Amino acid sequence: MTDITIIGAGLAGCEAALTLSSLGHNVTLYDAKPATMSAAHHSDNFAEVVCSNSFKSDDLYSGSGLLKAELRILGCKLLEVADRVKVPAGGALAVDREKFSSQVTALIKNDPKITVKTEIVDKIDLSMPHIICTGPLTLEPLSSFLNEILGQSLYFYDAAAPIISADSIDMSRVFTASRYDKGEGDYINCPLTKNEYYEFVRELIAAERVRQREFEKDEIFEGCMPIEIMAMRGVDTLRFGPLKPVGMVDRNGEMPFAVVQLRKENEEGTMFNIVGFQTNLKFGEQKRVFGLIPALKNAEFLRYGVMHRNMFINAPNAIDRHFMLKKYPDCFIAGQLSGVEGYVESIASGLLAALNMDRALSGKRMLDLPRETMLGALTIYLETHHYDFQPMNANLGLLAPLDRIVKDKALRKREMCDRAIEIMKKLKND
Ligand SMILES: Cc1cc2nc3c(=O)[nH]c(=O)nc-3n(C[C@H](O)[C@H](O)[C@H](O)COP(=O)(O)OP(=O)(O)OC[C@H]3O[C@@H](n4cnc5c(N)ncnc54)[C@H](O)[C@@H]3O)c2cc1C
Numbered sequence: 000m001t002d003i004t005i006i007g008a009g010l011a012g013c014e015a016a017l018t019l020s021s022l023g024h025n026v027t028l029y030d031a032k033p034a035t036m037s038a039a040h041h042s043d044n045f046a047e048v049v050c051s052n053s054f055k056s057d058d059l060y061s062g063s064g065l066l067k068a069e070l071r072i073l074g075c076k077l078l079e080v081a082d083r084v085k086v087p088a089g090g091a092l093a094v095d096r097e098k099f100s101s102q103v104t105a106l107i108k109n110d111p112k113i114t115v116k117t118e119i120v121d122k123i124d125l126s127m128p129h130i131i132c133t134g135p136l137t138l139e140p141l142s143s144f145l146n147e148i149l150g151q152s153l154y155f156y157d158a159a160a161p162i163i164s165a166d167s168i169d170m171s172r173v174f175t176a177s178r179y180d181k182g183e184g185d186y187i188n189c190p191l192t193k194n195e196y197y198e199f200v201r202e203l204i205a206a207e208r209v210r211q212r213e214f215e216k217d218e219i220f221e222g223c224m225p226i227e228i229m230a231m232r233g234v235d236t237l238r239f240g241p242l243k244p245v246g247m248v249d250r251n252g253e254m255p256f257a258v259v260q261l262r263k264e265n266e267e268g269t270m271f272n273i274v275g276f277q278t279n280l281k282f283g284e285q286k287r288v289f290g291l292i293p294a295l296k297n298a299e300f301l302r303y304g305v306m307h308r309n310m311f312i313n314a315p316n317a318i319d320r321h322f323m324l325k326k327y328p329d330c331f332i333a334g335q336l337s338g339v340e341g342y343v344e345s346i347a348s349g350l351l352a353a354l355n356m357d358r359a360l361s362g363k364r365m366l367d368l369p370r371e372t373m374l375g376a377l378t379i380y381l382e383t384h385h386y387d388f389q390p391m392n393a394n395l396g397l398l399a400p401l402d403r404i405v406k407d408k409a410l411r412k413r414e415m416c417d418r419a420i421e422i423m424k425k426l427k428n429d
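Residue 240 in numbering that gives the first Met the number 0 sits at position 241 of the sequence shown; the count goes up by one each step and never skips.
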């Protein structure tokens with residue numbers, strides 16, 4: 000079996016390494032950690048979950064849920080770990096991030112076919128089998144090297160939400176419930192009255208931000224929009240977005256005017272994430288403005304929200320749908336750097352790149368997933384979306400339409416997702 004080098008032991012790199020090793024290959028896995036960390040990485044462990052601990056919906060009839068279901072069919076290693084260390088989060092799959100990363104790290108380090116090297120990789124011998132998974136914060140000089148060989152890479156700005164300590168939440172001002180009663184009250188809900196909500200929005204818009212000039216360039220990914228930018232779109236925007244109260248009933252049996260949700264960060268429930276509060280406010284301003292939410296008046300911030308430059312390649316020019324570099328077919332690029340967006344999408348690309356690297360090395364046909372599957376639809380987007388390419392996450396809008404008209408939206412979704420699962424089950428052994 001061939002020796003394969005993987006650069007980056009993040010979500011994509013770890014999935015790729017474990018997959019290739021399970022197929023009998025020897026893998027050398029490089030990461031700069033723990034000797035050198037990017038601005039968003041803090042843990043010594045691999046497969047670090049850098050921001051929210053949510054892997055999004057686990058409902059089969061949603062884009063992210065369907066992607067997970069397909070990955071489970073393909074034997075995804077990191078999702079197995081995620082399922083083992085999940086924390087309650089309604090219909091979402093959220094993980095205890097420490098346990099997740101330490102269990103993945105243990106799998107990697109205990110695998111006799113994987114050799115780990117702690118090093119900043121600066122350039123790559125493109126004539127040898129490599130999978131490059133250095134993520135949106137690829138360290139220099141590798142990012143310049145990639146720019147040189149692939150043409151100018153692209154970027155946008157990504158924001159992370161703050162984490163607060165559980166014992167600093169004023170529990171007399173909250174209620175526990177999941178929207179529409181799904182998930183047995185997994186969230187802590189912080190209600191706001193009409194006056195409290197409008198004061199909060201006013202202060203949020205006026206608060207001091209970091210790197211204000213870069214915002215003006217408008218290179219923010221819609222799915223990670225800072226809450227203060229979203230608030231600027233209209234005074235009620237947040238009430239119809241992350242602070243929406245629909246489907247919730249407070250302690251008095253009434254629907255509050257607006258609700259801030261807190262989601263468990265760890266199994267023990269000692270840390271909570273403020274859901275949807277990714278932000279670029281200065282740290283002092285986060286404490287002041289988020290402290291206007293009555294239950295968070297004295298919140299202790301364990302980690303403040305931050306904003307980062309997020310690099311990705313121009314996928315339609317650089318790679319094909321198998322994640323193989325068009326100019327250098329011995330090399331693949333996976334993870335967020337390849338133009339997918341999100342934790343599960345990064346894992347998925349690591350898995351598919353590894354399966355295809357294995358097929359390429361053994362002279363087999365590549366795994367060609369059709370647009371009827373979520374993973375296929377995502378990779379076809381990467382290969383073909385030439386105009387104004389932007390990273391993409393799993394969503395049902397990418398799927399091929401049904402071959403007959405189904406007017407009922409819910410039924411249509413179900414049929415598309417059931418079709419995807421059937422196809423994936425058949426293709427697994429193709
Ligand atoms: C601040 C921030 C917040 C995010 N929040 C979310 C979120 O809430 N939800 C979500 O779904 N997605 C989020 N993302 C997007 C994305 O899903 C994650 O970045 C995800 O971790 C990407 O996985 P990856 O494997 O591509 O890269 P990473 O997980 O970042 O792994 C890359 C690895 O490569 C290593 N590395 C980098 N350069 C070098 C080098 N030159 N030599 C050796 N090693 C190197 C790094 O140390 C790291 O371990 C966020 C991204 C950022 C930057």
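Ideal Cβ placement from N, Cα and C applies to all residues, glycine included.
The model shown is predicted, which means the values in this text are computed figures rather than measured ones.
If one requires a minimum length of 4 residues, the alpha helix (DSSP H) runs lying completely within the segment 132 to 169 are 141 to 149, in chain order. Counting C-beta pairs with one atom in each stretch, the segment 288 to 300 and the segment 332 to 342 have fewer than three that are closer than 8 Å, which means they do not touch. Between A8 and N52, the C-beta spacing is not below 8 Å. Look at P293 here: in three-state DSSP terms it is helix. Look at I3 here: in three-state DSSP terms it is strand. Residue state for K67 is assigned as helix, using DSSP reduced to three classes.
Classified as buried, F388 has 16 or more neighbouring CB atoms from the shown chains inside 10 Å of its CB. Taking non-hydrogen atoms of ligand 1 into account, the C-beta of N309 is found less than 7 Å away from one of them. Remark: the C-beta of C75 is outside contact range of ligand 1, defined as less than 7 Å to any heavy atom. Nearest neighbour of M254 by Cα position, chosen from T137, A176, K32, Y197, turns out to be A176. Annotation for R302: the continuous beta strand (DSSP E) segment containing it runs 300 to 302. N25 is the residue among N25, C13, A11, E14 whose C-alpha sits nearest the C-alpha of L360.
Not a single heavy atom of ligand 1 lies less than 7 Å from the C-beta of C330. Residue range 25 to 30 is occupied by the beta strand (DSSP E) that includes Y29. Between F322 and Y303, the C-beta gap is not smaller than 8 Å, which leaves the two residues out of contact. For R262, the enclosing beta strand (DSSP E) covers residues 257 to 263. Under a 10 Å Cβ-count criterion, A105 is classified as exposed, with fewer than 16 other Cβ atoms of the shown protein chains found around its own Cβ.
Here the distance from the Cβ of K406 to the nearest heavy atom of ligand 1 is not below 7 Å. A88 is classed as buried because its beta carbon has at least 16 other beta carbons within 10 Å across all chains shown. Annotated three-state conformation of I113 is strand, per DSSP.
Listed in chain order, the beta strand (DSSP E) elements of length 3 or more contained wholly in the segment 340 to 413 amount to none. The beta carbon of L70 sits closer than 6 Å to those of L78, A347, all from its chain and outside the five residues before and after it, given in chain order.
Rounded to whole angstroms, K112 and S100 show a C-alpha spacing of 20 Å.
With a threshold of 7 Å, the Cβ atom of P315 does not count as near ligand 1, since no heavy atom of the ligand is closer than that. Beta-bridge pairing by DSSP links K85 to V94.
In the structure shown, N188 adopts extended strand secondary structure according to DSSP, grouped into three states.
Rounded to whole angstroms, the separation of the alpha carbons of R262 and A34 is 31 Å. DSSP places M423 in the helix class (H, G or I) of the three-state scheme. Taking a C-beta distance under 8 Å as the contact criterion, G334 and L66 do not qualify as a contact pair. Taking all protein chains shown into account, F239 has fewer than 16 neighbouring C-beta atoms within 10 Å of its C-beta and is therefore exposed.
Annotated as proximal: Y29 and V120, with beta-carbon spacing under 8 Å. Nearest neighbour of E14 by Cα position, chosen from V49, C75, D2, turns out to be C75.
Judged by DSSP in its simplified three-state form, C75 adopts coil rather than helix or strand.
Cα atoms of D249 and E195: separation of roughly 16 Å, rounded to the nearest angstrom. Of the other Cβ atoms in all chains shown, 16 or more fall within 10 Å of the Cβ of H129; this residue is therefore buried.
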